[in-house]
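Visitor:
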């Protein structure tokens with residue numbers, strides 16, 4: 001739990017500091033950067049908590065999606 | 074961002090990128106004692122695709138390959154292609170980082186968590202990506218000389234262990250294992266040069282990319298052939314097929330009068346350097362792809378989240394050395410087949426036709 005909290009604090013600090021250091025900032029790029037950092041942060045926190053990214057769940061979800069779209073492999 | 078690199082430095086980067094991972098793993102081991110034949114065949118068969126990659130870079134001297142693709146395919150289709158290449162570059166980066174993590178845990182620091190070497194590598198790769206491909210290529214130009222010197226020294230020291238009968242009989246199991254080994258070698262490492270196309274390296278002379286990529290390819294092929302053949306000559310084909318890291322096993326046999334031993338660290342050093350270069354090139358390529366999608370010319374803005382995604386990515390991509398080795402020996406999974414063969418050929422043909430039409434007098438200029 002302590003590790004997960006440390007990861008969140010570190011990611012927020014790095015993210016904010018880096019954006020402030022940019023020469024120019026556009027809303028689109030900052031939004032994209034924030035979204036990417038958030039996704040990576042959430043996944044890293046899950047990893048820190050011992051929950052490895054659920055590959056099987058994702059694979060099953062994609063396979064179900066493809067089947068629903070009528071694409072069979 | 075246009076970053077001009079010298080042909081020599083570009084070549085060195087490509088060679089180190091090819092060597093990343095491939096020299097430590099027993100690549101092409103399906104061919105057994107004939108792996109040297111498989112390496113030669115793979116180097117020769119990869120030439121047409123390497124020429125296509127180089128042509129795509131050279132096609133429009135004032136634009137990088139992403140802009141050329143946009144001109145040729147239009148923005149929507151180019152975006153889809155860029156997403157695929159961005160994901161591929163990230164996937165190769167995760168594989169490289171995972172390889173290093175597994176190597177460190179298996180070969181030396183068995184109690185160290187895999188995330189420690191992975192995080193260290195990702196942080197220095199992040200720094201390299203922030204500094205840009207120009208700095209990385211200049212650094213590679215220096216380090217390639219060091220790595221070749223180390224390889225030659227290891228060759229001299231291990232000479233007494235070399236047994237050339239390990240290569241005999243030639244083609245004992247027929248042509249099929251060599252063919253399988255060749256295809257496996259094409260996929261990893263030789264056609265991974267497609268990622269270098271997206272690194273954004275520009276050259277002063279027209280046709281510079283062709284010179285860099287083709288000579289880099291041949292030089293890398295020669296170095297890999299030398300190292301793999303030497304390993305088989307030392308450890309024998311059976312052990313080469315059995316070990317996860319046969320080159321490490323071969324170098325560990327160096328024993329000069331009981332005084333000069335335990336030189337495995339040289340293999341670790343080479344592996345670290347080459348993996349760093351490969352990871353950095355992949356990270357730069359992925360950043361450029363994201364930058365293109367966001368319409369941002371300064372790709373370094375995206376380097377941090379993409380590099381940090383590697384911490385999780387290494388655990389996503391494979392769960393251990395066994396799975397990594399299985400992946401390395403796979404014959405062209407669909408994504409690799411698409412990004413290494415089908416897409417470059419299709420983009421090249423389309424680009425040649427559409428850009429030629431755009432240059433003809435009286436024709437409307439291709440959309441920018």
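Protein chains in written order, with the numbering used here: chain A, 1 to 73; chain B, 74 to 441. Glycine included, each C-beta is placed from N, C-alpha and C at the ideal position. Values in this document were obtained by computation on a predicted structure and should not be read as measured data.
Contact between the segment 61 to 69 of chain A and the segment 193 to 212 of chain B: three or more CB pairs below 8 Å?
Guide: Touching, no, given that fewer than three Cβ pairs across the two stretches are closer than 8 Å.
Visitor: Considering only the alpha carbon of each residue, which of B/377, B/224, B/295, B/422 lies closest to residue 16 of chain A?
Guide: Of the candidates B/377, B/224, B/295, B/422, the one whose C-alpha sits nearest the C-alpha of residue 16 of chain A is B/377.
Visitor: I'd like to check one pair, residue 213 of chain B with residue 101 of chain B: are the Cβ atoms closer than 8 Å?
Guide: Their beta carbons are not under 8 Å apart, which means residue 101 of chain B does not touch residue 213 of chain B by this criterion.
Visitor: For residue 22 of chain A, decide whether its Cβ has a neighbour in chain D, counting only Cβ atoms nearer than 8 Å.
Guide: The structure shown contains no chain D; its protein chains are A and B.
Visitor: DSSP state of residue 329 of chain B, grouped into three classes?
Guide: Of the three classes helix, strand and coil, the one that applies to residue 329 of chain B here is strand, per DSSP.
Visitor: Using only alpha-carbon positions, find the residue among B/155, B/351, B/134, B/368 that is nearest to residue 28 of chain A.
Guide: Ranking the options by Cα distance to residue 28 of chain A, first place goes to B/368.
Visitor: If residue 88 of chain B sits next to residue 289 of chain B, beta carbons under 8 Å apart, how far is it from one beta carbon to the other, in whole angstroms?
Guide: Yes, they are in contact, since the Cβ atoms of residue 88 of chain B and residue 289 of chain B sit about 6 Å apart, within 8 Å.
Visitor: Answer with buried or exposed for residue 218 of chain B, where buried requires no fewer than 16 other C-beta atoms within 10 angstroms of its C-beta.
Guide: When all chains shown are included, residue 218 of chain B counts as exposed.
Visitor: Let me check you understand the geometry: is the CB of residue 82 of chain B closer than 7 Å to at least one non-hydrogen atom of the ligand SAM?
Guide: No copy of the ligand SAM appears in this structure; indeed no ligand is present at all.
Visitor: Since residue 353 of chain B is in the alpha helix (DSSP H), which residue starts that stretch and which ends it?
Guide: Run containing residue 353 of chain B: 337 to 367, per the alpha helix (DSSP H) assignment.
Visitor: Going by alpha carbons, who is nearest to residue 342 of chain B out of B/180, B/120, B/232, B/83?
Guide: Nearest option by C-alpha distance: B/180.
Visitor: Report the start-end ranges of each alpha helix (DSSP H) in the segment 146 to 208 of chain B that is 4 residues or longer and not cut off at the edges.
Guide: Qualifying alpha helix (DSSP H) stretches, in chain order: 148 to 180, 188 to 204.
Visitor: For chain A, check one thing: does any of its Cβ atoms lie closer than 8 Å to the Cβ of residue 374 of chain B?
Guide: Closer than 8 Å: yes.
Visitor: When you compare the CB of residue 60 of chain A with every CB in chain B, is at least one pair closer than 8 Å?
Guide: Judged by the 8 Å Cβ criterion, residue 60 of chain A is not in contact with chain B.
Visitor: Using alpha carbons as the reference points, say which of A/39, A/60, A/51 lies closest to residue 8 of chain A.
Guide: The candidate whose alpha carbon is nearest that of residue 8 of chain A is A/39.
Visitor: Using the beta-carbon count (16 or more within 10 Å), is residue 382 of chain B buried or exposed?
Guide: Classification for residue 382 of chain B: buried.
Visitor: Indicate whether at least one CB of chain A lies closer than 8 Å to the CB of residue 377 of chain B.
Guide: Closer than 8 Å: yes.
Visitor: Going by the CB atoms, is the gap between residue 413 of chain B and residue 260 of chain B shorter than 8 Å?
Guide: Yes, these two residues count as a Cβ contact at 8 Å.
Visitor: Tell me, please, whether the CB atom of residue 47 of chain A is closer than 8 Å to any CB atom in chain B?
Guide: So yes, residue 47 of chain A belongs to the interface.
Visitor: What residues in the segment 28 to 46 of chain A have a beta carbon less than 7 Å from any beta carbon of chain B?
Guide: Those residues of the segment 28 to 46 of chain A that come within reach of chain B (Cβ to Cβ, closer than 7 Å) are 28, 29, 32, 33, 36, 37, 40, 43, 44.
Visitor: Using a Cβ cut-off of 9 Å, which residues of the segment 4 to 21 of chain A contact any Cβ in chain B, in chain order?
Guide: For the segment 4 to 21 of chain A, which is checked against every Cβ of chain B, the residues closer than 9 Å are 11, 14, 15, 18, 19.
Visitor: Skipping 5 residues on each side, what residues in its chain have a beta carbon closer than 7 Å to that of residue 310 of chain B?
Guide: Taken in chain order, the residues that qualify are 105, 106, 239.
Visitor: Along chain A, which residues have their Cβ under 7 Å away from the Cβ of residue 166 of chain B?
Guide: Ordered by position in chain A, no residue passes the 7 Å Cβ test against residue 166 of chain B, which lies about 14 Å from the chain.
Visitor: With distances taken Cα to Cα, identify the nearest neighbour of residue 131 of chain B among B/241, B/109, B/285.
Guide: That would be B/285, whose Cα lies nearest to the Cα of residue 131 of chain B.
Visitor: In the DSSP output, what is residue 77 of chain B paired with across the bridge?
Guide: Answer by DSSP bridge pairing, in chain order: B/275.
Visitor: Here's a check: name, in chain order, each residue in its chain whose Cβ is nearer than 8 Å to the Cβ of residue 241 of chain B, leaving out the five neighbours to either side.
Guide: Cβ within range, chain order: 106.
Visitor: Exposed or buried, which one is residue 144 of chain B when buried takes at least 16 other CB atoms within 10 Å?
Guide: Residue 144 of chain B is buried by the Cβ-count criterion.
Visitor: Is the shortest distance between the beta-carbon of residue 367 of chain B and the beta-carbons of chain A less than 8 Å?
Guide: Yes - at least one Cβ of chain A is within 8 Å of the one on residue 367 of chain B.
Visitor: I'd like to know if residue 437 of chain B contacts chain A, where contact means its C-beta is closer than 8 Å to some C-beta of that chain.
Guide: Note that residue 437 of chain B has pLDDT 49, beneath the 50 cutoff, so the model's placement of it is unreliable and no number is given.
Visitor: What's the C-alpha gap between residue 407 of chain B and residue 247 of chain B?
Guide: Spanning the two alpha carbons is a distance of roughly 27 Å.
Visitor: So, residue 255 of chain B versus residue 418 of chain B, is the Cβ gap smaller than 8 Å?
Guide: Against a cut-off of 8 Å, the Cβ pair of residue 418 of chain B and residue 255 of chain B comes out as no contact.
Visitor: Could you tell me the distance, in whole angstroms, from the CA atom of residue 226 of chain B to the CA atom of residue 346 of chain B?
Guide: The straight-line gap from Cα to Cα measures roughly 17 Å.
Visitor: Applying the criterion that 16 or more other CB atoms from any shown protein chain within 10 Å of the CB defines a buried residue, is residue 244 of chain B buried or exposed?
Guide: Classification for residue 244 of chain B: exposed.
Visitor: Which residues of chain A have a Cβ atom closer than 9 Å to the Cβ of residue 155 of chain B, listed in chain order?
Guide: Under the 9 Å cutoff, chain A gives no residues; its nearest Cβ is about 14 Å from residue 155 of chain B.
Visitor: Taking residue 382 of chain B as the query, report the chain A residues whose CB atoms sit under 7 Å from its CB, ordered along the chain.
Guide: 40, listed in chain order.
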